[in-house]
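Worksheet: the structure to be examined is printed underneath.
Numbering (the numbering used here), first residue to last: 159 to 856.
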């Protein structure tokens, strides 16, 4: 059977893209599958798609394409209702491309994936193909005018699916389609390759787009109510979107800087779920609840609001998580407290979550779709003379559940950090053929002094699907060669140039434990750190740290007109009585101010930043002052204070501190603008990890 999915833009991101790819991958094991994207705005897809699936686009909107500005592209669509969410993207030109595709398709089954596309599928797909509509939105969230058009056109369909049983019932009650029942089939989530969480790390994780419907404000307020009771717990929220600024302001208002972290987007997300011990989903509405299943498949119990559809069909309340009242901070607080206070309960619920989430495996969901297609074909054959049902699944024993990438550049590298400081690399590539690929680390110099390449001893194993698995390990001792810097993870063969590899899973949970050990017992010798991360373009990098001495920031507190720093000193020297904290003005007019350091034991220290002296002695309207530790008052050698040793790369973004308004105590004859009004002082972590503060009068 040949199955064709029609989707708006497979080259972007989003839950629909993810679930369509998951289903397509599972179906492609025994069937021919293609994904037809109406639009293409990028060269590659954001999510990995195996070469067994054909991916093509109808309208190419990349720069330089002849489809940009084509005739009819400024005229409105005659098929998509004006009230449909993506109406503005469609035109008479796109109508023509879509209709031409549907009339000439050789697919046995055509599956639309949103209301606008389902209208095309119902009205214009050739008669010999089955017409199926997937509805990923909550039915009553679809505008009434669009639902009215669905009621008019959908009778030509052979089957309709929603992602929950509750929404299937809502569809049939509110928009009944004569002769067609609506079937609830959930989205699928593959079993992660990352090891599940052991529910011991004190982190609450949430993930999804930064949109008001996700109600992260409720989650942050609930966590604030528990912050004092559970001082060693942290909240991490992953995602991008327009609500980030408001949420960051709320974190500051509630005094949760450094406790509630906005982590930005992260892909693949599985490794970040596995770092946590509790997942939180606080949406006011969910069409399904992909993040619930993702978290459960990583072994996390979930605290979820009982919003209208989705969570109540996924969670088994009291067994693998808690359903709490929708829109109420108190219920979220109650659920989090139950799990934060009880590790055995977390473990038991996490194990139940792993078991229960297996029903969302793509193979199980694909079987339900195949049955749906077969039932639809039998109904069509009984009603339409001459209709030929599609062929069944491929029977050959040679079919593989996975296929290797066609080229090494399409493969991804998974990296795991272990508790002993090793990094383990693994990638599944194409058959080796004449090549003999090897991992090679290449230095990305910032000052022109490029270090030599570091080849890694690479093992190769032939896979049953015809591909090759490449593995390698990087020992802590290798940091003597790598030093302090950034390195590209590449592969090279004697017959090929370097290929900068794509980042896959980066399982760095061991670094959370390593940081805890370092802060508790700062090492007396050199400090080393090795963090894999992804560039914005998806390429895999390493951030390596090798320093004889290092002062690591462990906390910044802002309040009552003061900024207080906490940290630990690593290396051979001790913090002597009379040690100093130093702030140093950056630039040609350098100046230092010092304050005594309070020694807290075992190389830990505390200092109050001399912000008023800095304000009184400004020379410019905008200045940056760097932070240093002078461990010995008799030795002027200083150590830069950094916040560097974390399990994630964007410390600057995650630890965003608020500004402190101050009015100067003294009249400064040097300041360009006298500080008679508040001057704003904001501590920050630079992209390199160094701590500093910005002083500005606007």
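Glycine is no exception: its CB is placed at the ideal position from the N, C-alpha and C atoms.
Computed from a predicted structure; not experimentally measured.
Nearest C-alpha to residue 444 among 431, 423, 467: 467.
Just measuring C-alpha positions, the residue of 240, 424, 326, 324 sitting nearest residue 812 is 424. Proximity to residue 204 across 799, 772, 695 peaks at 695, based on C-alpha coordinates. Around the CB of residue 656, fewer than 16 other CB atoms lie within 10 Å, so the residue is classed as exposed.
For the 8 Å CB-CB criterion, residue 293 and residue 320 form a contact.
Collapsing the DSSP output to three states places residue 774 in a helix.
Within the DSSP secondary-structure output, residue 710 pairs in a beta bridge with 726, 800. For residue 673, the enclosing alpha helix (DSSP H) starts and ends at 667-678. Under the three-state reduction of DSSP output, residue 374 falls in the helix class.
With a cutoff of 8 Å on beta-carbon distance, residue 495 and residue 384 are scored as near each other. By the Cβ-count criterion, residue 186 is buried, with 16 or more other Cβ atoms from all chains shown falling within 10 Å of its own Cβ. Its Cα nearest to that of residue 569, the residue 660 stands out among 331, 504, 660. For residue 192, there is no enclosing alpha helix (DSSP H); the residue is found in the beta strand (DSSP E) stretching over 190-198.
Judged by their CB atoms, residue 579 and residue 688 are nearer to each other than the 8 Å cut-off. The beta carbons of residue 785 and residue 799 sit closer together than 8 Å. Inter-residue distance for residue 214 and residue 193 is about 7 Å (C-alpha atoms, whole angstroms). Here the C-alpha atom of residue 434 lies approximately 7 Å from the C-alpha atom of residue 357. When the Cα atoms are used, residue 536 and residue 520 turn out to be separated by approximately 24 Å.
Nearest C-alpha to residue 773 among 270, 790, 821, 789: 821.
For residue 167, the secondary structure class from DSSP, reduced to helix, strand or coil, is coil. Taking C-beta separations shorter than 8 Å and ignoring five residues to either side along the sequence, the partners of residue 809 in its chain run 801, 802, 843, 847, following chain order. Per DSSP, residue 282 is one residue of the alpha helix (DSSP H) stretching across 273-282. Here residue 795 is exposed, its C-beta having fewer than 16 other C-beta atoms within 10 Å. CA-to-CA, the gap between residue 386 and residue 787 works out to about 30 Å. With a contact defined as Cβ atoms closer than 8 Å, residue 378 and residue 326 miss out at about 34 Å.
Look at the beta carbons and you see the region 667-679 not touching the region 607-626: under three pairs across the two are nearer than 8 Å. Beta-bridge analysis with DSSP links residue 601 to 645. By the Cβ test, the region 499-516 is in contact with the region 453-465, since at least three Cβ pairs between them sit closer than 8 Å. A straight line joining the alpha-carbon of residue 673 with that of residue 680 spans about 10 Å.
DSSP, read as helix, strand or coil, puts residue 391 in coil.
Looking at the DSSP output, residue 738 shares a beta bridge with 754, 788. Check the Cα spacing between residue 528 and each of 181, 166, 172: the tightest is with 181.
Listed as beta-bridge partners of residue 685 by DSSP are 705. Residues 412, 414 of the same chain have their beta carbon placed closer than 7 Å to that of residue 382, with the five preceding and five following residues left out of the count. Taken in chain order, the complete beta strand (DSSP E) segments of 3 or more residues contained in the region 453-497 are 460-463, 479-482. Residue pairing by DSSP places residue 583 opposite 573, 630 in a beta bridge.
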